[in-house]
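A quick write-up on the structure given underneath.
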């Protein structure tokens with residue numbers, strides 16, 4: 001037998017003395033399979049698809065003598081032993097092994113839905129692609145400034161951001177409340193033990209309320225007091241007020257405890273971001289679906305106006321922190337007050353015994369002081385009013401400051 005050699009360059013080269021049967025089929029089919037392979041139209045005993053048929057025998061026979069079988073779809077068919085079979089065009093088909101068949105081209109993958117590209121070369125970008133639609137991707141309006149989004153808004157206690165919203169963004173809290181009421185101690189004042197009744201007076205250097213004058217106060221710690229060293233002091237006096245309480249203070253008393261329950265939140269809230277895709281109108285983005293939550297837009301501050309038209313189904317205000325300035329004001333007591341009516345003050349001889357009749361000081365009336373000629377003293381006598389019970393007015397003890405939520409963010413959402 002003379003071996004046959006068929007080299008595919010630009011022409012068939014036939015060795016001398018060898019016969020070629022041109023009636024044997026070797027033509028390539030043009031029928032494409034759905035999975036990327038090609039169907040062989042002939043080739044003797046070689047199969048049509050999946051696995052290529054084996055090459056024909058040396059002499060042309062019914063099994064096809066020249067052309068190797070065509071590689072099937074899927075894995076490329078093996079080349080014929082003489083003539084080069086054409087490799088399958090399936091997903092990564094191997095070329096023929098004899099005289100260089102054409103290797104199969106790789107198949108295309110799925111569309112990536114958030115990169116703005118046509119990844120599977122079907123002319124449909126992201127949200128236009130049926131694969132992305134089947135995953136729930138859809139075109140959503142871009143919010144007007146200063147709103148930002150879309151984002152996924154989550155509420156609960158487990159802070160996670162998973163695909164297709166993997167990027168954590170804002171975290172905060174919703175629903176500020178208190179367990180219990182604020183309360184502060186009640187302020188009070190003990191009765192004064194050191195208050196006196198007295199008079200505001202104008203004193204004069206000379207008798208008859210003449211000469212230089214000055215202001216003073218007459219009040220007593222006891223019922224009869226000798227006032228000394230008045231030789232160069234006042235010699236007459238005129239009261240300018242009625243008898244009233246002078247001096248004295250009260251000790252602060254409190255009742256109750258400070259109770260300022262800590263501020264608490266109803267629930268946690270957080271947002272997650274995702275890369276947006278294309279395939280939408282200029283004012284839209286291709287958004288992944290919400291994963292058991294809502295798709296929303298956000299803006300800083302408390303916004304009490306209408307939400308954007310496409311995100312107005314529900315809204316929340318999320319806060320990032322708390323500022324607590326609460327305290328109870330300190331208690332204090334005013335100066336002592338009381339009723340001194342019925343009391344009186346009188347001046348007496350300088351003996352300090354208050355045994356003489358004396359002269360009662362009266363408001364607006366000038367009284368000469370009985371000054372001792374050598375000692376310069378005189379005596380004052382106080383008759384306290386009956387039922388004198390000076391008291392003080394309490395103040396303070398109220399709640400000061402408050403609790404405010406800080407760094408608010410308004411969230412407006414569309415229904416799932």
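Numbering (the working numbering), first residue to last: 1 to 416.
The C-beta atom is built at its ideal place from N, Cα and C for all residues, glycine as well.
Every value quoted in this text rests on a predicted model; they were computed, and no experiment measured them.
Closest residue to residue i among the options (Cα-Cα distance)
i           : options            : result
residue 241 : 300, 200, 352      : 200
residue 320 : 364, 280, 206, 267 : 267
residue 354 : 296, 225, 196      : 225
residue 184 : 120, 401, 311      : 401
residue 263 : 283, 145, 144, 181 : 181
residue 252 : 393, 158, 306, 259 : 393
residue 322 : 281, 265, 286, 377 : 265
residue 171 : 178, 158, 179, 163 : 158
residue 118 : 343, 278, 261      : 278
residue 176 : 335, 334, 316, 389 : 316
residue 386 : 197, 124, 147      : 197
residue 142 : 388, 280, 233, 357 : 280
residue 162 : 270, 260, 223      : 270
residue 416 : 399, 314, 259      : 314
residue 140 : 406, 363, 283, 220 : 283
residue 260 : 329, 247, 147, 304 : 329
residue 136 : 358, 291, 365      : 291
residue 398 : 331, 287, 296      : 331
residue 312 : 116, 147, 334, 186 : 147
residue 131 : 406, 110, 138      : 110
residue 186 : 333, 124, 287      : 333
Where residue i falls: helix, strand or coil (DSSP)
i           : result
residue 309 : helix
residue 346 : strand
residue 128 : helix
residue 249 : coil
residue 133 : helix
residue 292 : coil
residue 411 : strand
residue 391 : strand
residue 340 : coil
residue 117 : coil
residue 359 : strand
residue 367 : strand
residue 269 : strand
residue 154 : strand
residue 281 : coil
residue 186 : strand
residue 255 : strand
residue 149 : strand
residue 171 : strand
residue 52  : Below a pLDDT of 50, predicted positions are generally treated as unreliable, and residue 52, at 34, falls in that range; the measurement from the model is reported next regardless. DSSP places residue 52 in coil when its eight states are reduced to three.
residue 424 : Residue 424 lies beyond the range of the chain shown here (1 to 416); nothing can be said about it.
residue 397 : coil
Residue(s) in a DSSP beta bridge with residue i
i           : result
residue 244 : 198
residue 177 : 264
residue 323 : 404
residue 213 : 204
residue 219 : 198
residue 380 : 225, 347
Distance between residue j and residue i (C-alpha atoms, nearest Å)
i           : j           : result
residue 408 : residue 298 : 10 Å
residue 275 : residue 149 : 11 Å
residue 340 : residue 360 : 15 Å
residue 417 : residue 173 : Because the chain in this structure spans residues 1 to 416, residue 417 falls outside the shown range and cannot be described.
residue 294 : residue 413 : 6 Å
residue 151 : residue 129 : 22 Å
residue 214 : residue 228 : 18 Å
residue 236 : residue 205 : 7 Å
residue 384 : residue 249 : 18 Å
residue 211 : residue 239 : 16 Å
residue 379 : residue 190 : 33 Å
residue 309 : residue 144 : 10 Å
residue 256 : residue 395 : 15 Å
residue 202 : residue 371 : 17 Å
residue 342 : residue 254 : 33 Å
residue 325 : residue 178 : 15 Å
residue 134 : residue 289 : 11 Å
residue 165 : residue 403 : 34 Å
residue 348 : residue 377 : 10 Å
residue 362 : residue 373 : 25 Å
residue 327 : residue 388 : 37 Å
residue 369 : residue 350 : 9 Å
Expected contact under 8 Å - CB spacing of residue i and residue j to nearest Å
i           : j           : result
residue 126 : residue 113 : 5 Å
residue 245 : residue 188 : Rounded, the Cβ-Cβ distance is 19 Å, inconsistent with contact.
residue 169 : residue 272 : 6 Å
residue 345 : residue 218 : 6 Å
residue 336 : residue 192 : 4 Å
residue 303 : residue 410 : 4 Å
residue 247 : residue 300 : No, residue 247 and residue 300 are not in contact; Cβ-Cβ is about 59 Å, not under 8 Å.
residue 381 : residue 358 : 6 Å
residue 366 : residue 208 : 6 Å
CB contact check: residue i to chain D, cutoff 8 Å
i           : result
residue 165 : In the displayed structure, chain D is absent; only one protein chain is listed.
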